[in-house]
Each structure stands twice: as structure tokens, then as C-alpha cells.
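S.K.: Please see the structure below; I have some questions.
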Amino acid sequence: MRRNVLRLAFICMITALALGYRPELGYAELLRVALSTKDFGYLPLFVGMRSGMFAQENLEIQWIQVGSNVVVTALIAGEIDVAGIAGSSMRAAARGAPLKANFFPYQKSLFVLMGAPGVKRVQDLRGKVIGTTGPGATTELAASLVLQHHGLDPRKDVTFMTIGGAETSIAAMRNGIIQARAFNPDAAMIMKKQGFTELAVLADMGPWPWAGYSTSDAHLANRRDKLKRWTRVMVKSLQFMLNRKEETYKIAQGEFGHPRDVTEGAANVCIKAIDAQNPGGATDEAMRKNVDLTITQPLKLASSPSLAQLVDFSLLREVHKELSLPGAR
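Residue 21 in the numbering used here sits at position 32 of the sequence shown, with consecutive numbering throughout.
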């Protein structure tokens, strides 16, 4: 693991030099962001980058794609400033790691539950097989919430099968191995064009803080100004998405390369999941539900850890107050 962290640090250093970063010359300050994948969950980050808002805050964003197991260690070691792995960080924090989730772009899940062409409604899934990326994974949790919302018992009325990634799952649906699975919005929009059925958009359902970022306790204590500038841009990026949809579509299409109709459909799911009153934040009730579903139950903890152990919205609240947003408290 130490070797992985050193390798990550080396990559960060080389990339910074390639970007021409020279703090002594007053150039933009480098801020390193780690993502486990590049998908629509992280659209606000790319909106901030492509709109020039990070540059206005004198920040140069360097993002890298790396596995969550490596990122947790790198966050603790200070090699990464923020990472889009709030779930993994909170699980580590529940075991005592000095990490905090600090920003949630979306207040609802971006998943779309898609069914095979012959499945027309959620109730048709009774007795069927639903694919997941693994036992207890968010794909399984999302499907379970939809089933419960429609009066089905996920423990009795369906069978869950670990089936892998999106492409494997789509093939399994075509071949009748599974009849449904939760997908990211861009994959769901592509599937709709291919004849698959949109069964439920989780952004139409209850709150589920989604696609969150985390940082280290040390960064929160010692690099607050840098993190605050990042937070300010992320809040403004969410406002940009809400108020400047056409420009958001263009940025998303440039980043992800999908056709216009797929891009617009996926971006609209993202926009629907933003809380305009509390951009980047989450209510205590929503966070407790998130912790119960993704930490307490899977880890079989006797009781849920306190939110103060897992989450720190102090910088976000400062930004909300400066921007006169209702979420400031």
C-alpha cells in the first residue's frame, strides 16, 4: 500500500511540473482531486473547470482516476486534497481514520433502474433476477429502495445476482440472465434508445446524499483557505447547472462524448438531484439514513457512528453564508 501511495505522489508531482506549476511565481495553486471513475456524478467538478470558475479562485485542478482503496491511504498521507469517495472515506472514518466527507453535489441518487424490454413496470419484477455490482453495493440498495417504494419486498420477491459492470449487465439483460439493474444516467439514456425500459429514476424519490467528496482532518485544519475556495466553486457549479442548462449540456458533451440527446437526458437527471436551497450539503436526517444504509448495516455495527465523526460541513456553511444561501446555518 505504501508503494501505491508513493507512486501516486510521483504521478502528482510529474503532472504538476508538466502543467508548469510554480508557486514561487504566483501561478494558480494546485489542488489534487482523486476520482474512482469519470462519470456524470462528477459533472459539477468539470463544470467548475471548463467554465473558468476554479481559475477565478486561483486554483489549478489536477484530477486523477485511481481506486478507492489507494485514495483513502493517499488522503490520510496528504497526497490528495479531496477525493470523490465519500462513501469509502466515511467507512474508514467509522473505524477511526482521520477523514471527513465535506461535500455532496447531489441530494438524491443519480441511478436509474432499467428493465429488460419485456419488463414494463416495477411490479413486473416479482420473481425476477436483478443485477448488482456486488452484495450490499449501491446498485443493490438503489434497486431495493425502488422495490420497497412500489410495495415489493427485496428480500423475498426478487433475487439479486452479482453481474459486474454496465456492459456486462446490459448483455446479461439481453440474454435473459437478469431482468433489471440500476445504471448511471448516461448508460440509462443509451439503453432507452435501445428498447430497454426506464422503471424508476431515483432522483424522483427520497433524499440520498450522492457522489460525495471527502478530505482529511489535517487539510480541514491546515489548508482551510484552499479547501474553501474549492468548495465555493463547487457550490457555484451547482448553481451554474441549475441556471445555465444549455452551457451545462455543452460542457457535459465535451467531457463525456455522448450524443446530444443522451447528454441532455443524463444532465437533466443530475440537475433534478441538486438541492437548490442547500447546494453541496445534506440534512442530518438524510445523512443518518445514508450512514445506516451504507455503513452501519453492511459493517454490522452495534450502533451508528456520530455524524460529527464522519462529516464536516463547516467550510460549506461558511460559503453558504457568504453567498447568502438558505442552507447557511
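Idealized CB from N, CA, C, for every residue including glycine. For clarity, every value in this text was computed on a predicted model and none was experimentally measured.
(1) With residue 199 as the anchor, note down where its alpha helix (DSSP H) starts and where it stops.
(2) Candidates 94, 65 and 58: which alpha carbon is nearest residue 266's?
(3) Helix, strand or coil for residue 43 per DSSP?
(4) Under the three-state reduction of DSSP, which class applies to residue 267: helix, strand or coil?
(5) Taking residue 228 as the reference, which of 126, 164 and 262 has the closest Cα?
(6) Per DSSP, what kind of secondary structure is residue 78 in: helix, strand or coil?
(7) For residue 99 versus residue 199, is the C-beta spacing smaller than 7 Å?
(8) Please determine if the segment 47 to 55 and the segment 250 to 257 are in contact, where contact requires at least 3 C-beta pairs separated by less than 8 Å.
(9) What residue range does the beta strand (DSSP E) around residue 51 cover?
(10) DSSP on residue 68, reduced to helix/strand/coil?
(11) If I measure Cβ to Cβ from residue 285 and keep anything under 7 Å in the same chain, skipping five residues before and after, which residues do I get?
(12) Looking only at its own chain, which residues have a Cβ that is under 8 Å from the Cβ of residue 217, when we skip the five neighbours before and after it?
(13) Below 8 Å, can you find three or more Cβ-Cβ pairs linking the segment 98 to 113 to the segment 171 to 184?
(14) For residue 109, does the count of other Cβ atoms within 10 angstroms reach 16, so buried, or fall short, so exposed?
(15) Tell me whether the beta-carbon of residue 92 lies closer than 7 Å to the beta-carbon of residue 269.
(16) Can residue 152 and residue 123 be called in contact, C-beta distance under 7 Å?
(17) Check residue 118 in the structure and name its three-state DSSP category.
(18) Please work out which residues of its chain come closer than 7 Å, Cβ to Cβ, to residue 27, disregarding the five sequence neighbours upstream and downstream, and give them in chain order.
(19) Nearest to residue 312 by alpha carbon, out of 57, 30, 225 and 281?
(20) For my contact list, residue 296 and residue 277 are in at a C-beta cut-off of 8 Å; report their separation, rounded to the angstrom.
(21) Which whole runs of the beta strand (DSSP E) in the segment 129 to 180 are 3 residues long or more, in chain order?
(22) What residue ranges within the segment 223 to 291 form continuous beta strand (DSSP E) runs of no fewer than 3 residues, ordered along the chain?
M.R.: Result, derived from the coordinates:
(1) The continuous stretches of alpha helix (DSSP H) do not include residue 199, and DSSP gives it neither H nor E.
(2) Comparing Cα-Cα distances from residue 266 to each of 94, 65 and 58, the minimum goes to 94.
(3) Of the three classes helix, strand and coil, the one that applies to residue 43 here is helix, per DSSP.
(4) In this structure, residue 267 counts as coil in the three-state DSSP scheme.
(5) The shortest C-alpha separation from residue 228 is found at 262.
(6) Residue state for residue 78 is assigned as helix, using DSSP reduced to three classes.
(7) In this structure, residue 199 lies closer than 7 Å to residue 99 by Cβ.
(8) Because the criterion of three Cβ pairs below 8 Å is not met, the segment 47 to 55 and the segment 250 to 257 do not touch.
(9) Its beta strand (DSSP E) spans residues 48 to 54.
(10) Reduced to three states, the DSSP call for residue 68 is coil.
(11) Taking residue 285 as the centre and dropping the five residues before and after it, the same chain places the C-beta of 293 closer than 7 Å to its C-beta, in chain order.
(12) Once the five neighbours on either side are set aside, the close Cβ partners of residue 217 are 304, 307 and 308.
(13) By the Cβ rule, the segment 98 to 113 counts as touching the segment 171 to 184, because three or more pairs are nearer than 8 Å.
(14) By the 10 Å Cβ count, residue 109 comes out exposed.
(15) Closer than 7 Å, so yes.
(16) Going by C-beta atoms, residue 152 is not nearer than 7 Å to residue 123.
(17) In the structure shown, residue 118 sits in a strand (DSSP, three-state: E or B).
(18) If you ignore the 5 residues before and after residue 27, its C-beta comes within less than 7 Å of the C-beta of 54, all in its own chain and listed in chain order.
(19) Checking every option, the nearest Cα to that of residue 312 belongs to 225.
(20) With a Cβ gap of about 7 Å, residue 296 and residue 277 count as contacting.
(21) Taking 3 residues as the minimum length, the beta strand (DSSP E) runs contained wholly in the segment 129 to 180 are 148 to 151 and 169 to 172, in order along the chain.
(22) Counting whole runs of 3 or more residues, the segment 223 to 291 contains no beta strand (DSSP E) stretch at all.
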